[in-house]
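The structure under discussion appears below in the form of structure tokens.
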Amino acid sequence: MTYLYAAYFATWAIHIGYAIYLIGQYSRLRDEMKDLQSRK
Amino acid sequence: MKRLFPVFGLLTGVLLSYALYLALVVAPTEQTMGDVQRIFYYHVPSAWTAFLLFFINFVASVVYLIRRNMKADVVALVAAEIGVVFCTVVLVTGPIWARPVWGIWWTWDLRLTLTLVLWLIYVSYLMLRRFSSSGQTPQIAAVLAVLGALDVPLVYFSIWFFRTQHPQPVIGGGGSIDPRMLHVLLINWAAFSCLAALMFWSRYRLEVLKREVEDTQALEALLETPRGSR
Amino acid sequence: MKLTRATLAKDLRLEWRSKDAINSMLFFALLVVVIFSFSFDPTAEESRQIAGGLVWVAFLFAAVVALNQTWARELRNQVLDAYRVSPAPANSLFLAKAFGNFIFVLMLECLMTPLFIVFYNLRALGPAYQLPIVAVLGTWALVVNGTFFAAMSLRTRAREIMLPLLLFPISIPAVLAMVEATTSILTGEYSARFWIVLLAAYDLVFTTSCLLLFESVLNAE
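Okay, structure coming up:
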């Protein structure tokens, strides 16, 4: 039984992990864009 | 177009929740394996999605090699990355399923092994993209993708024959499927496909923006226009 | 064709004259065999089952070390740029390099094999004449892709680790075939025919692809 929940949990952990990675990349990009704007 | 994203996101969330409910509650319990079999509703759609994404990567890579179209390169990169995410899910849920059913974590099951090799090939693809200098990356990455795709049938046959010589347990069971289970499977597949599309869209936008920023930064460095001067 | 032969002859001559690479490779090959023998000390029964895998893993390592410096000389002397502007077909260069590596790795295998036979008391229970066929087909499979990926890795960071990173996943069907073929010949339990055919198919597919795609890799910029 625990195996079932472990599998479902792992699936979502992986997807949420990737989502966090994407959000991190977006915020870094946002910083770089601000930086470029300010230098213009 | 941009406003559609949160709407689509919400719809996907609803669909995923409904699919989860179906998988855990509504779907009938399997006779031999019991409730653990419900992992099937996550394991199989993830595999189908991963394979589809890898196929998209192949097509995009071929398009890039023929047309040098930058959009094709972005599609290839995004498809590979998200494909690896779904592939990881398959490789993690597979052993978790195998352990209670067969008592072993790993077996050279045809689908599972093929998934492992694909995962390795595409991770190496992503590493190549990360480590090569940006001028030539699209080109050599596309070449690697084509070679990887050509490898797939060979991998399939080699594992298939290996298994006939050394019989191994089959994960996921063969044979016909209860129509109620099929229904749950398809709903989960639809839900995960929407999730994949959402991730794809998001990552695509990120990559396009990233490249614009990089181009601007490169241009600035080239022109060397310090603030205040001119 | 003539260009291929000329380039190959030049490479072989240079290697023979320098002897650095050859000597270090030879010693490396010997070390690999000895270390494997320390790590796995099976009975004669068991050794036939595992020798196939061990031998090919050892060959794989030796091949990677040899492959890593395939293009080193070209890189040092800007030869690749010269090739890019010359009307010579890129394929001749690739074939010459691949053949050079092929001969070299085969030579290493010929040296390592007697050592393995001695350390593991090996004796083939199946048709031993098939072993050279497996060796030739298998080595070509590793070398053709290895030479190609070595060229792809040239302008990447961490060039030397990139080669095995790219080579190993794609070589999996070939390595499986080599190992299974060798094991079935040694144990005599199965026929190696399917594996030999698979290796031949693998070689065909990848030799063709590498020849077709090398130009675009060479000119990628």
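Protein chains in written order, with this note's numbering: chain G, 1 to 40; chain X, 1 to 230; chain C, 1 to 221.
Beta carbons: idealized from backbone N, C-alpha and C, even for Gly.
Got a sec: is the Cβ-Cβ distance from residue i to anything in chain G below 9 Å?
{"i": "residue 166 of chain X", "result": "no"}
{"i": "residue 46 of chain X", "result": "yes"}
{"i": "residue 229 of chain X", "result": "Residue placement at residue 229 of chain X is flagged as unreliable, the pLDDT there being 49, under the threshold of 50; a coordinate-derived value is accordingly withheld."}
{"i": "residue 216 of chain X", "result": "yes"}
{"i": "residue 210 of chain X", "result": "yes"}
{"i": "residue 43 of chain X", "result": "yes"}
{"i": "residue 187 of chain X", "result": "no"}
{"i": "residue 20 of chain X", "result": "yes"}
{"i": "residue 24 of chain X", "result": "yes"}
{"i": "residue 4 of chain X", "result": "no"}
Return no unless some Cβ of chain X is closer than 9 Å to the Cβ of residue i.
{"i": "residue 45 of chain C", "result": "no"}
{"i": "residue 173 of chain C", "result": "yes"}
{"i": "residue 22 of chain G", "result": "yes"}
{"i": "residue 202 of chain C", "result": "yes"}
{"i": "residue 160 of chain C", "result": "no"}
{"i": "residue 177 of chain C", "result": "yes"}
{"i": "residue 145 of chain C", "result": "yes"}
{"i": "residue 195 of chain C", "result": "yes"}
{"i": "residue 90 of chain C", "result": "no"}
Could you pull the DSSP bridge partners for residue i from this structure?
{"i": "residue 30 of chain X", "result": "X:34"}
{"i": "residue 191 of chain C", "result": "Answer is none; residue 191 of chain C lacks a bridge partner."}
{"i": "residue 132 of chain X", "result": "C:156"}
Quick check on the DSSP output: the alpha helix (DSSP H) that includes residue i runs from which residue to which?
{"i": "residue 98 of chain C", "result": "90–120"}
{"i": "residue 231 of chain X", "result": "The question about residue 231 of chain X has no answer here: the residues shown for chain X are numbered 1 through 230."}
{"i": "residue 24 of chain X", "result": "Run containing residue 24 of chain X: none; DSSP gives neither H nor E here."}
{"i": "residue 137 of chain X", "result": "137–165"}
{"i": "residue 2 of chain G", "result": "2–39"}
{"i": "residue 217 of chain X", "result": "179–223"}
{"i": "residue 55 of chain X", "result": "40–67"}
{"i": "residue 123 of chain C", "result": "That residue, residue 123 of chain C, is in no alpha helix (DSSP H); it is neither H nor E in DSSP."}
{"i": "residue 82 of chain C", "result": "79–85"}
Throw me the rounded Cβ distance for the residue i and residue j pair, which I believe falls under 8 Å.
{"i": "residue 47 of chain X", "j": "residue 90 of chain X", "result": "5 Å"}
{"i": "residue 105 of chain X", "j": "residue 99 of chain X", "result": "6 Å"}
{"i": "residue 198 of chain X", "j": "residue 8 of chain X", "result": "6 Å"}
{"i": "residue 98 of chain C", "j": "residue 34 of chain C", "result": "In fact, because the Cβ distance is near 29 Å, the residues do not count as touching under 8 Å."}
{"i": "residue 147 of chain C", "j": "residue 94 of chain C", "result": "7 Å"}
{"i": "residue 19 of chain X", "j": "residue 187 of chain X", "result": "5 Å"}
{"i": "residue 142 of chain C", "j": "residue 171 of chain C", "result": "6 Å"}
{"i": "residue 39 of chain X", "j": "residue 97 of chain X", "result": "4 Å"}
{"i": "residue 29 of chain C", "j": "residue 62 of chain C", "result": "5 Å"}
{"i": "residue 160 of chain X", "j": "residue 110 of chain X", "result": "6 Å"}
{"i": "residue 16 of chain X", "j": "residue 191 of chain X", "result": "5 Å"}
For a contact meaning CB atoms closer than 7 Å, what does residue i contact in chain X?
{"i": "residue 25 of chain G", "result": "206"}
{"i": "residue 170 of chain C", "result": "121, 147, 148, 151"}
Closest Cβ-Cβ distance between residue i and chain C: below 9 Å?
{"i": "residue 35 of chain X", "result": "no"}
{"i": "residue 236 of chain X", "result": "As shown, chain X starts at 1 and ends at 230. That puts residue 236 of chain X outside it, with no answer to give."}
{"i": "residue 94 of chain X", "result": "no"}
{"i": "residue 58 of chain X", "result": "no"}
{"i": "residue 63 of chain X", "result": "no"}
{"i": "residue 112 of chain X", "result": "no"}
{"i": "residue 177 of chain X", "result": "no"}
{"i": "residue 17 of chain X", "result": "no"}
{"i": "residue 13 of chain X", "result": "no"}
How would you list, in chain order, the residues of chain X whose beta-carbon sits under 9 Å from the beta-carbon of residue i?
{"i": "residue 14 of chain G", "result": "85, 86, 88, 89, 92"}
{"i": "residue 34 of chain C", "result": "Neighbours of residue 34 of chain C on chain X: none; closest Cβ ~30 Å, over 9 Å."}
{"i": "residue 107 of chain C", "result": "Within 9 Å Cβ-Cβ: nothing; residue 107 of chain C doesn't reach chain X, min ~27 Å."}
List the residues of chain G whose Cβ lies closer than 9 Å to the Cβ of residue i, in chain order.
{"i": "residue 119 of chain X", "result": "Under the 9 Å cutoff, chain G gives no residues; its nearest Cβ is about 12 Å from residue 119 of chain X."}
{"i": "residue 213 of chain X", "result": "29, 32, 33, 36"}
Closer than 9 Å by beta-carbon distance: list the chain C residues that pair up with residue i, in chain order.
{"i": "residue 139 of chain X", "result": "216, 217, 219, 220, 221"}
{"i": "residue 31 of chain X", "result": "By Cβ distance, chain C contributes nothing, its closest Cβ being about 35 Å from residue 31 of chain X, past 9 Å."}
Identify the contact partners of residue i in chain G, using a Cβ-Cβ distance below 8 Å as the criterion.
{"i": "residue 97 of chain X", "result": "3, 7"}
{"i": "residue 104 of chain X", "result": "Here the premise fails: no neighbours, minimum Cβ distance about 13 Å."}
{"i": "residue 100 of chain X", "result": "3"}
Mind listing the chain C neighbours of residue i? Cutoff is C-beta to C-beta under 7 Å, in chain order.
{"i": "residue 75 of chain X", "result": "The contacting residues do not exist; residue 75 of chain X stays about 19 Å from chain C at best."}
{"i": "residue 7 of chain X", "result": "Within 7 Å Cβ-Cβ: nothing; residue 7 of chain X doesn't reach chain C, min ~39 Å."}
{"i": "residue 158 of chain X", "result": "173, 176, 177, 198"}
{"i": "residue 70 of chain X", "result": "The premise fails here: residue 70 of chain X is roughly 15 Å from chain C at the closest Cβ pair, so nothing lies under 7 Å."}
For residue i, which residues in chain G fall below 7 Å Cβ to Cβ?
{"i": "residue 202 of chain X", "result": "22"}
{"i": "residue 39 of chain X", "result": "4, 7"}
Can you pull the chain C neighbours of residue i, defined as C-beta to C-beta under 8 Å?
{"i": "residue 162 of chain X", "result": "176, 180"}
Going along chain X in order, which residues have a C-beta closer than 8 Å to the C-beta of residue i?
{"i": "residue 209 of chain C", "result": "146, 147, 150"}
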